[in-house]
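S.K.: Before we start, here is the structure in question, set down as C-alpha cells.
2 protein chains.
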Amino acid sequence: MSELRRDPITGRWVVIAPERLRARDVDAVHLRGGPAGAIDGDMCPFCEGQESIAGPEILAWRPPGSLHNTPGWTVRVVANREPALRVESSLGESSSALFQTLGGLGAHEVIIESPRHDASWSTMGAEEIQRVLWAWRERMRDLRRDFRLRSFVVVKNHGEASGATLDHPHSQLVALPMVPQHLDAALAGARTYHQATTHCVFCDIATQEVATERRMVSSDEQTVAFAPFASRVPFETWIMPRLHRAAFDEETDSSLAAVAERLSDVMRRVNTTLVSPAFTLLLHTAPVGEERSAAYHWHLEILPRLGPVNGLAFDGGLYVNPVAPEESARALREAVAERSAVLLH
Amino acid sequence: MSELRRDPITGRWVVIAPERLRARDVDAVHLRGGPAGAIDGDMCPFCEGQESIAGPEILAWRPPGSLHNTPGWTVRVVANREPALRVESSLGESSSALFQTLGGLGAHEVIIESPRHDASWSTMGAEEIQRVLWAWRERMRDLRRDFRLRSFVVVKNHGEASGATLDHPHSQLVALPMVPQHLDAALAGARTYHQATTHCVFCDIATQEVATERRMVSSDEQTVAFAPFASRVPFETWIMPRLHRAAFDEETDSSLAAVAERLSDVMRRVNTTLVSPAFTLLLHTAPVGEERSAAYHWHLEILPRLGPVNGLAFDGGLYVNPVAPEESARALREAVAERSAVLLH
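In order, the protein sequence lines correspond to chains V and Y. Under our numbering, the letters of the first sequence match residues 18 to 362, in that order. Under our numbering, the letters of the second sequence match residues 18 to 362, in that order.
And the structure:
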C-alpha cells in the first residue's frame with residue numbers, strides 16, 4: 018500500500034507508491050526512459066470500445082439511454098489503474114519523533130477527455146472542453162463529501178516531456194488527505210495580502226494585467242488569460258475567472274462555458290506558436306473548508322514543457338526563464354487562434 | 018539585462034534572462050528540444066586546449082609554474098558565457114504595488130571539473146572530486162566578501178534529462194542577492210525544530226538514520242549517505258557531515274577529503290545500480306549571515322533523473338515516488354562500489 022510521508026525539514030509531502038512500479042507505463046517511462054505512448058495504438062485502454070480495460074466508470078457524459086461502460090460516451094471518468102492513493106485506505110497516521118506518515122488515503126481518478134485517440138485541446142473545440150471541466154467539477158463535488166479529504170489537484174500532462182505515459186487525451190484528479198506544500202504556500206501568501214489590503218491578490222493581479230495589457234494573451238467579460246509576471250517557463254499562461262471565486266467546483270455551467278472558450282482559445286494560440294508542444298496544465302483550487310475564502314482564487318496554469326526541468330529549478334528551486342513573459346504574451350496575442358486542424362490542410 | 022522577479026502570491030523568485038536565449042545550447046535544448054552535447058566533441062569549449070574559448074579563469078588548480086589560461090590545470094573556474102546573473106549588474110530594486118523586481122545582480126560561474134571530456138564522478142576518484150569541492154569552497158569564500166550577495170546554490174547536472182547542455186563534466190555556482198524560496202523554507206523548518214528541541218534537525222536525522230540502518234547507503238566516521246525518509250525520486254541520496262556545520266565553505270581540507278570519499282563511493286554505487294543515469298546534484302548551504310547557524314546544516318542532494326518531472330510534481334508540487342527509500346537504500350548498499358572503469362573491462 019502507498020503512504021504519504023512528510024519531509025521533517027520542509028514539511029513537503031511525498032507519496033511513496035511502490036505499487037505503481039508494477040504499472041507497465043510507469044516502469045517504461047520512469048525506470049527505462051522509454052517513450053510515451055508505448056502501449057498506445059490499437060491497444061489504447063482509453064479508446065472507445067476498450068471500456069472494460071479502462072475499468073468501471075465513476076462518471077460519464079452520455080446520450081440518454083446509453084448504457085454504462087459501453088461506447089457512446091464523450092467524457093468518461095475511471096479510477097487510475099495503479100492509484101497513488103485510494104479511498105479504501107485508512108488515514109492511519111503514525112509518527113516517530115522526526116518522521117510523520119499518513120496512510121495512502123485519497124483518490125486518484127483519470128478523466129478520459131474524448132473517445133478519439135488523436136483528439137487534442139487545440140482541435141476539440143470549446144464544447145468538448147467544457148465537458149471535461151464539467152467532469153472535474155462533478156467529481157470534486159462528490160469527493161468533497163468525504164470528510165477525510167482536504168484538497169484537490171487536477172493535472173493534465175500532454176507529451177513525453179510532461180511525464181505523460183499515454184497519448185490519448187486525459188487528465189488526472191488527485192484528492193489528498195492534507196494540503197500540499199505548494200498550495201499551502203500560495204494560501205499563506207494570499208491571506209497575508211488580504212490581511213494587508215482587504216483585496217484578493219489574484220483579483221488585483223487580473224485587474225492590473227488587464228489595465229497594463231503587456232502580459233495579456235486574451236480575455237472576455239468573464240475570463241482573463243495572461244503570462245504571469247514571474248513566469249517560470251517560456252509561454253507560461255494563467256487563466257482565471259474575473260469574478261472572485263475560491264473553489265472551482267462552485268462555478269456554474271455558464272462560467273465553465275466561458276472558461277472552456279478561453280482554454281480553447283489559449284491552447285490554439287500555444288499550439289500555433291510552439292507547434293504542438295508538450296505541456297502541463299494544473300488546476301489550483303481552494304482546499305476543503307476554504308471554498309468561500311475571500312483571499313484565494315482558483316486558476317489554471319499552463320506550463321509548456323519545452324525542455325527538461327533544469328536541476329537548478331528542481332523542486333521549485335531557482336527557475337531561469339530565457340523568454341520574458343511580455344515577449345511570450347506578445348507572441349501568443351499575435352498568434353491566430355486557429356484550430357490546428359485547419360493548419361494541417 | 019536579466020532581472021529577478023518575485024511572484025506576488027508565493028514569494029517565489031524567478032530569473033528572467035532573455036540574454037540566455039542567444040546561447041546556442043539553451044536555444045537548442047529549451048526551444049527545439051535538441052540533444053545535450055550537440056556542440057561537444059572536438060568543439061567542446063571545456064576541454065584542455067580550449068581555454069581561450071571557455072574564457073579567462075577565475076580560479077584553477079595547477080601545478081607550480083603553470084601559466085593561467087593555458088593547459089595543465091585539473092580544475093578550472095570560469096564565468097558562465099551567458100550568465101543568468103552578473104556581479105556587474107546593480108541591485109536596482111523596483112516595485113509596483115504587486116510586482117517586485119531586483120536587477121540581475123549575482124554570479125554565475127562554471128566549474129570545469131576535469132580536463133578530460135569523458136571523465137565522470139564514478140571514474141574520477143576521490144582526490145579529483147576533492148579538487149572540485151575545493152573550487153566550490155574557494156569561490157564561495159571569495160564571493161561572500163561581496164556584501165550584496167545573500168546566498169549560494171551549487172548544481173551539477175549530468176545527462177540530458179537533468180537539463181545539462183554539455184557532456185564535459187562541470188558544475189555551476191550561482192550566487193544570489195536574495196534567499197530563494199526553497200532554501201528559505203528549509204531554514205524556517207530547521208529553526209522551528211531547533212526552537213522546540215534545541216537540536217539541529219539534520220544532526221538528529223543523521224543520528225536516527227545511522228541507528229535504524231534501513232535507509233543507510235554508506236558512512237564513515239565523518240560522513241553519512243542515506244536515502245531521505247521522504248525521498249522525491251527513486252534512489253535519491255543525501256550526503257552530510259556528521260559534525261554540525263551550517264556553511265559548506267567553513268569546512269577544512271580534511272573534511273572535504275572525507276566528503277569527496279563519500280561522494281565517490283555513492284556515485285559509483287548509483288552508477289552500477291542504475292547504469293550511468295542522468296542526475297542532478299545540489300549543494301544546499303547556509304545563506305550569508307547564517308554561516309554559524311545552530312539550526313541549519315549543509316548537505317548534498319543527489320537526485321537521479323530517471324524520467325521527466327511529472328506535471329503533478331512541477332514546482333515542488335506532489336511527488337509520487339514508486340520506489341520506497343528503504344528499497345533504494347538497500348540496492349545502493351548492496352551494490353559493489355567499484356569504479357565503472359573496472360566494469361568496462
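The C-beta atom is built at its ideal place from N, Cα and C for all residues, glycine as well.
1) Just how far apart, CA to CA, sit Gln67 (chain Y) and Cys61 (chain Y)?
2) Determine the burial state of Asp42 (chain Y): buried for a count of at least 16 other Cβ atoms within 10 Å of its Cβ, exposed for fewer.
3) Roughly how many whole angstroms lie between the Cα atoms of Arg286 (chain V) and Ser188 (chain V)?
4) Can you give, in chain order, each stretch of the beta strand (DSSP E) that sits fully within the region 213-246 of chain Y and has at least 3 residues?
5) Using CA atoms only, rank isn't needed, just tell me which of V:Phe331, V:Ala275, V:Trp315 and V:Leu320 is closest to Glu145 (chain V).
6) Taking the beta carbon of Asp270 (chain V) as the centre, do at least 16 other beta carbons fall within 10 Å, making it buried, or is it exposed?
7) So with CB distances below 7 Å, who are the chain B contacts of Gln225 (chain V)?
8) What are the uninterrupted segments assigned as alpha helix (DSSP H) that are 4 or more residues long and contained completely in the region 262-345 of chain V, given in chain order?
9) Note down the Cα distance separating Ser248 (chain Y) from Phe265 (chain V), rounded to an integer number of angstroms.
10) Is the shortest distance between the beta-carbon of Phe243 (chain V) and the beta-carbons of chain Y less than 8 Å?
11) Which of helix, strand or coil does DSSP assign to Glu253 (chain V)?
12) Kindly list the residues whose CB is nearer than 6 Å to the CB of Glu351 (chain Y), restricted to its own chain and excluding five residues on each side of it in sequence; keep chain order.
13) By DSSP's criteria, Gln67 (chain V) is part of a beta bridge. Which residues make up the other side?
14) Does the Cβ of His47 (chain V) have 16 or more other Cβ atoms within 10 Å, making it buried, or fewer, making it exposed?
15) Excluding the 5 residues flanking His125 (chain Y) on each side, which residues of the same chain have their C-beta closer than 6 Å to its C-beta?
16) Report all residues from its chain with a CB closer than 7 Å to the CB of Ala223 (chain V); omit the five preceding and five following residues, and keep chain order.
17) Taking the straight line between their C-alpha atoms, what separation do you get for Gly334 (chain Y) and Glu105 (chain Y)?
18) Kindly indicate if chain Y contains any beta-carbon less than 8 Å away from that of Arg22 (chain V).
19) Residues bridged to Ile33 (chain V) by DSSP?
20) Compute the Euclidean distance between the alpha carbons of Ser236 (chain V) and Arg279 (chain V), then round it to the nearest angstrom.
21) Between which two residues does the alpha helix (DSSP H) carrying Arg93 (chain V) extend?
22) Using a cut-off of 9 Å between C-beta atoms, extract the partners of Arg259 (chain V) located in chain Y.
23) Which class does Glu130 (chain V) belong to by DSSP, given the choice of helix, strand or coil?
24) Restricting to Cα atoms, I'd like to know which of V:Arg29, V:Val127, V:Arg23 and V:Ser19 is closest to Ala202 (chain Y).
25) Specify, as a first and last residue, the run of the beta strand (DSSP E) that Ile75 (chain Y) falls within.
26) Looking at Pro339 (chain V) and Arg232 (chain V), is the spacing between their C-beta atoms short of 8 Å?
27) Could you say which of V:Thr302, V:Ala277 and V:Val218 lies nearest to Ala207 (chain V) if we only look at CA atoms?
28) Please report whether the beta-carbon of Val32 (chain Y) lies at a distance below 8 Å from any beta-carbon of chain V.
29) Quick one: Cα of Met284 (chain V) to Cα of Ala178 (chain V), how far?
30) Pro379 (chain Y) CB to nearest chain V CB: under 8 Å?
31) Taking Cβ positions only, does Asp332 (chain Y) come closer than 8 Å to chain V?
32) Can you tell me whether Leu183 (chain V) is helix, strand or coil according to DSSP?
33) Would the beta-carbon of Glu268 (chain V) fall within 8 Å of that of Arg154 (chain V)?
34) Which residue from Y:Asn288, Y:Ile33 and Y:Asp135 puts its Cα closest to that of Ser345 (chain V)?
35) According to the Cβ coordinates, are Val92 (chain V) and Glu130 (chain V) closer than 8 Å?
M.R.: According to the data block:
1) As a working mapping, residue 67 (chain Y) is identified with position 50 in the second sequence. As a working mapping, residue 61 (chain Y) is identified with position 44 in the second sequence. Straight-line spacing of the CA atoms in Gln67 (chain Y) and Cys61 (chain Y) works out to 8 Å.
2) Within the second sequence, residue 42 (chain Y) is the residue found at index 25, counting from 1. Annotation note: pLDDT 42 at Asp42 (chain Y) (below 50); position unreliable, coordinate value reported separately. Buried.
3) Within the first sequence, numbered from 1, the residue matching residue 286 (chain V) stands at position 269. Within the first sequence, numbered from 1, the residue matching residue 188 (chain V) stands at position 171. C-alpha of Arg286 (chain V) to C-alpha of Ser188 (chain V): approximately 20 Å in a straight line.
4) The region 213-246 of chain Y contains these whole beta strand (DSSP E) runs: 233-236 and 240-243.
5) As a working note, residue 145 (chain V) is residue 128 in the first sequence. Among V:Phe331, V:Ala275, V:Trp315 and V:Leu320, the Cα nearest to that of Glu145 (chain V) is on V:Ala275.
6) Walking along the first sequence from the start, residue 270 (chain V) turns up at place 253. Residue burial is scored here from C-beta neighbours: Asp270 (chain V) has fewer than 16 other C-beta atoms within 10 angstroms and is therefore classed as exposed.
7) Absence of chain B from the displayed structure is noted, the protein chains being V and Y.
8) Segments of the alpha helix (DSSP H) lying fully in the region 262-345 of chain V: 270-291.
9) By one-based count along the second sequence, residue 248 (chain Y) stands at place 231. By one-based count along the first sequence, residue 265 (chain V) stands at place 248. Roughly 31 Å between the two C-alpha positions.
10) Translated into positions along the first sequence, residue 243 (chain V) becomes position 226. Not an interface residue.
11) Your numbering for residue 253 (chain V) matches position 236 in the first sequence. Reduced to three states, the DSSP call for Glu253 (chain V) is coil.
12) Stepping through the second sequence from its first residue, residue 351 (chain Y) is reached at position 334. The beta carbon of Glu351 (chain Y) is closer than 6 Å to none in its chain, skipping five residues each way along the sequence.
13) The count along the first sequence starts at 1 and reaches residue 67 (chain V) at position 50. Per DSSP, none; premise fails for Gln67 (chain V).
14) The count along the first sequence starts at 1 and reaches residue 47 (chain V) at position 30. Bear in mind that the predicted position of His47 (chain V) carries a pLDDT of just 38, short of 50, making it unreliable; the figure below should be weighed with that in mind. Flag for His47 (chain V) reads buried.
15) By one-based count along the second sequence, residue 125 (chain Y) stands at place 108. The residues are Asn97, Pro100, Ala101, Leu102 and Val191.
16) Here residue 223 (chain V) refers to the residue found at position 206 of the first sequence. Cβ within range, chain order: Val241, Met257 and Arg259.
17) The residue labelled residue 334 (chain Y) in the question sits at position 317 within the second sequence. The residue labelled residue 105 (chain Y) in the question sits at position 88 within the second sequence. Going by C-alpha positions, Gly334 (chain Y) is about 35 Å away from Glu105 (chain Y).
18) Working through the first sequence from its first residue, we reach residue 22 (chain V) at position 5. Yes - at least one Cβ of chain Y is within 8 Å of the one on Arg22 (chain V).
19) As a position in the first sequence, residue 33 (chain V) is number 16, starting the count at 1. DSSP, once it has assigned bridges, lists V:Glu20 and Y:Asn338 as partnering Ile33 (chain V).
20) Counting from 1 along the first sequence, the entry for residue 236 (chain V) is found at position 219. Counting from 1 along the first sequence, the entry for residue 279 (chain V) is found at position 262. Straight-line spacing of the CA atoms in Ser236 (chain V) and Arg279 (chain V) works out to 7 Å.
21) Numbered from 1 along the first sequence, position 76 holds the residue referred to as residue 93 (chain V). Counting along the chain, Arg93 (chain V) falls outside any alpha helix (DSSP H), though it belongs to the beta strand (DSSP E) covering Val92 to Ala96.
22) Your numbering for residue 259 (chain V) matches position 242 in the first sequence. Within chain Y, no residue comes near Arg259 (chain V); the closest Cβ sits about 17 Å away, beyond 9 Å.
23) Along the first sequence, one-based indexing puts residue 130 (chain V) at 113. Coil, per DSSP.
24) Locating residue 202 (chain Y) in the second sequence gives position 185, where the first residue counts as 1. Looking at V:Arg29, V:Val127, V:Arg23 and V:Ser19, the one whose alpha-carbon comes closest to that of Ala202 (chain Y) is V:Arg29.
25) The residue labelled residue 75 (chain Y) in the question sits at position 58 within the second sequence. Where Ile75 (chain Y) is concerned, the enclosing beta strand (DSSP E) starts and stops at Glu74 to Trp78.
26) By one-based count along the first sequence, residue 232 (chain V) stands at place 215. By one-based count along the first sequence, residue 339 (chain V) stands at place 322. Not closer than 8 Å, so no.
27) As a working note, residue 207 (chain V) is residue 190 in the first sequence. Checked all of V:Thr302, V:Ala277 and V:Val218; the closest Cα to Ala207 (chain V) is V:Val218.
28) Residue mapping note: residue 32 (chain Y) aligns to position 15 of the second sequence, counting from 1. Chain V, which has a Cβ nearer than 8 Å to the Cβ of Val32 (chain Y), makes this yes.
29) Taking the first sequence and counting its residues from 1, the one referred to as residue 284 (chain V) is at position 267. Taking the first sequence and counting its residues from 1, the one referred to as residue 178 (chain V) is at position 161. Computed Cα separation, rounded: 17 Å.
30) Limits of chain Y in this structure are 18 at one end and 362 at the other, which puts residue 379 (chain Y) out of reach.
31) Numbered from its first residue, the second sequence carries residue 332 (chain Y) at position 315. Judged by the 8 Å Cβ criterion, Asp332 (chain Y) is in contact with chain V.
32) Start at 1 with the first residue of the first sequence, and residue 183 (chain V) comes out as number 166. Correct three-state label for Leu183 (chain V): coil.
33) In the first sequence, counting from the first residue as 1, residue 268 (chain V) sits at position 251. In the first sequence, counting from the first residue as 1, residue 154 (chain V) sits at position 137. Between Glu268 (chain V) and Arg154 (chain V), the C-beta gap is smaller than 8 Å, which places the two residues in contact.
34) Counting from 1 along the first sequence, the entry for residue 345 (chain V) is found at position 328. Its Cα nearest to that of Ser345 (chain V), the residue Y:Ile33 stands out among Y:Asn288, Y:Ile33 and Y:Asp135.
35) Counted from its first residue, the first sequence places residue 92 (chain V) at position 75. Counted from its first residue, the first sequence places residue 130 (chain V) at position 113. For the 8 Å CB-CB criterion, Val92 (chain V) and Glu130 (chain V) form a contact.
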